[in-house]
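Here my numbering runs 10 ahead of the position in the sequence shown, where the first position is 1.
By construction, the Cβ of each residue, glycine as well, lies at the ideal position given by its N, Cα and C atoms.
For clarity, every value in this text was computed on a predicted model and none was experimentally measured.
As structure tokens, the structure follows; a few thoughts come after it.
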Amino acid sequence: MASAYLERRGLRILARNWRCSEGEIDIVAGQGPDVIVAEVKTRTGLRFGSPLEAVTEPKRRRLRRLARLWAAAHRAGRRRIRVDVVCVLVLPGDRVFVRHHPGVA
Numbered sequence: 011m012a013s014a015y016l017e018r019r020g021l022r023i024l025a026r027n028w029r030c031s032e033g034e035i036d037i038v039a040g041q042g043p044d045v046i047v048a049e050v051k052t053r054t055g056l057r058f059g060s061p062l063e064a065v066t067e068p069k070r071r072r073l074r075r076l077a078r079l080w081a082a083a084h085r086a087g088r089r090r091i092r093v094d095v096v097c098v099l100v101l102p103g104d105r106v107f108v109r110h111h112p113g114v115a
């Protein structure tokens, strides 16, 4: 769902669920010369906060570190790397809301 959302907005998906010894990146995408590392957070309600609130500062630091590791592993060179969050909120009645937050980390 998040990948399709990003593709509809012109991003090219380069990898899904990329793993290394340090962790996992949900989505790696390209947008022009930039590389986008996206964390996807899904919630079925707001009882425990919004999906974006679940991306804490330690998680943002980890995403930045994973982005550097992905760039090194794929010889991304001097391409600019941006860390985004894609929030998916699924509510009763199969209502789905997706929101893309660029440059959160």
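Integer-rounded CB distance, given that residue j should sit under 8 Å from residue i
| i | j | result |
| --- | --- | --- |
| E32 | L79 | 6 Å |
| L116 | G42 | Examination of residue 116 is not possible in this model, given that the chain is present from 11 through 115 alone. |
DSSP three-state assignment for residue i, whether helix, strand or coil
| i | result |
| --- | --- |
| A77 | helix |
| L101 | strand |
| E32 | coil |
| L56 | coil |
| A48 | strand |
| R72 | helix |
Where residue i falls, given that 16 or more other Cβ within 10 Å makes a residue buried
| i | result |
| --- | --- |
| P61 | buried |
| D104 | exposed |
| R53 | buried |
| V65 | buried |
| A14 | exposed |
| A82 | exposed |
Minimum C-alpha distance to residue i - residue among the options
| i | options | result |
| --- | --- | --- |
| V114 | E34, C97, V106 and D104 | C97 |
| L73 | R29, G20 and Y15 | R29 |
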